[in-house]
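> Residue numbering for the sequence shown follows the working numbering, beginning at 1 and increasing consecutively.
Backbone N, C-alpha and C define an ideal beta-carbon position, used for all residues, glycine too.
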Amino acid sequence: AQGARGGDDVLAANAVLMNLFLVTAYFLDGFATAAEQMCGQSVGAGDIIGFRRAVRLTALWCVIFSVAASSLAFAGGGAFIDFVSTSEPVRRLARDYLSFAALTPLLGALAFEFDGVFIGATWTRDMRNLMLAALALYLVTFFALRPLGNTGLWLALLSFLAVRGALQGWRYPALVAATFPEAQAAASTPTASASRA
């Protein structure tokens with residue numbers, strides 16, 4: 001609705017750019033699915049080493065892909081826009097906002113990754129609560145930046161993606177400790193023994 005306030009051309013340009021975001025999101029979701037499977041298996045087996053390895057590997061490849069996708073969007077986004085739309089006004093507007101769309105995979109990578117981790121580990125209640133917190137911050141940002149028009153809309157979206165990943169990353173260590181208490185206790189035992197000695 002906010003995009004429509006700018007007119008049909010702005011709305012169409014946003015639709016073109018959202019297609020670019022959705023293409024990259026499709027691949028990022030693949031890493032999330034891999035994280036779901038591997039983290040779920042590790043949690044079921046009580047294997048914290050396997051769990052950490054799964055998170056580390058999927059996060060690494062998710063970040064690598066997001067950097068590559070953002071770079072490709074910056075470099076080839078214009079060609080993508082021309083392929084999707086034949087309207088010159090829409091093409092010009094889409095190019096004006098291309099940088100925002102190109103940043104979506106980079107700023108959204110951690111959110112996609114942690115979604116997979118949280119679902120696989122069955123931390124869905126925390127995922128829901130953090131989503132609501134990110135949504136609240138998004139709405140504050142959206143209304144604060146509303147005078148900026150379409151630029152404010154894109155900035156609010158980028159902040160939402162970044163905040164989601166940041167909040168999940170902040171909550172992650174506590175959830176790992178609660179899910180693998182025996183492993184945490186075993187890790188602290190040598191330290192406690194050394195301090196008594």
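Can you tell me whether ASP47 is helix, strand or coil according to DSSP?
If DSSP states are grouped into helix, strand and coil, ASP47 belongs with coil.
> Counting C-beta neighbours from all protein chains within 10 Å, is the total for ALA48 16 or more, i.e. buried, or is it exposed?
With the sequence shown as reference, residue 48 is identified as Ile, and Ala is not the correct amino acid for it. Buried: at least 16 other Cβ atoms inside 10 Å.
> Would the beta-carbon of LEU17 fall within 8 Å of that of LEU103?
Not a contact, by the Cβ cut-off of 8 Å.
> Could you give the uninterrupted runs of the alpha helix (DSSP H) lying entirely in the segment 46 to 122, keeping only those of 4 residues or more?
Qualifying alpha helix (DSSP H) stretches, in chain order: 48 to 84, 88 to 96, 98 to 120.
> Of the residues ALA15, THR86, SER66, which one's Cα is nearest the Cα of ALA111?
It is SER66 whose Cα lies nearest to the Cα of ALA111.
> Residues in the same chain with beta-carbon distance under 7 Å from ARG171, minus the five sequence neighbours each way, listed in chain order, please.
Closer than 7 Å at Cβ, skipping near neighbours: ASP126, LEU130.
> For ALA197, which three-state DSSP category applies?
With a pLDDT of 49 at ALA197, under the threshold of 50, the modelled position of that residue is not reliable, and the figure given next carries that caveat. Coil, per DSSP.
> For the alpha helix (DSSP H) that contains GLY180, what are its first and last residues?
The residue asked about is misnamed: residue 180 is Phe in this sequence, not Gly. Element bounds for PHE180: n/a, residue is neither H nor E.
> Could you check what DSSP says for LEU145 in three-state terms: helix, strand or coil?
Of the three classes helix, strand and coil, the one that applies to LEU145 here is coil, per DSSP.
> Please report the distance separating the alpha-carbon of ALA162 from that of TYR138.
Those two C-alpha atoms are separated by around 10 Å.
> Measure the beta-carbon distance from LEU175 to TRP123 and round it to whole angstroms, keeping in mind my assumption that it falls under 8 Å.
Indeed they touch by this definition, with Cβ atoms about 5 Å apart.
> Whose C-alpha, out of ARG95, ALA136, GLY116, is nearest the C-alpha of ALA15?
The option with the nearest alpha carbon to ALA15 is ARG95.
> Going by beta-carbon coordinates alone, are ALA32 and GLU113 separated by less than 8 Å?
Against a cut-off of 8 Å, the Cβ pair of GLU113 and ALA32 comes out as a contact.
> Under a Cβ-count criterion, where at least 16 other Cβ atoms within 10 Å of its own Cβ denotes burial, should GLY120 be classed as buried or exposed?
It counts as buried.
> Excluding five sequence neighbours on each side, which residues of the same chain lie with their C-beta closer than 7 Å to the C-beta of LEU106?
Same-chain partners within the cutoff: SER66, VAL67, SER70.
> So for THR7, helix, strand or coil by DSSP?
Looking at the sequence shown, residue 7 is not Thr but Gly. Coil, per DSSP.
> Measuring CB to CB, does LEU20 end up less than 8 Å from ALA101?
Going by C-beta atoms, LEU20 is nearer than 8 Å to ALA101.
> Starting from the C-beta of ASP115, find all residues in its chain whose C-beta is less than 6 Å away, skip the five residues before and the five after it, and write them out in chain order.
For ASP115, where only same-chain residues beyond five positions count, the Cβ hits under 6 Å are ALA32.
> Is the Cβ-Cβ distance between LEU155 and ALA133 less than 8 Å?
Taking 8 Å as the Cβ cut-off, LEU155 and ALA133 do not qualify as a contacting pair.
> Kindly give me the distance between the Cβ atoms of ALA12 and SER85, rounded to whole angstroms, as I take these residues to be in contact under 8 Å.
Indeed they touch by this definition, with Cβ atoms about 7 Å apart.
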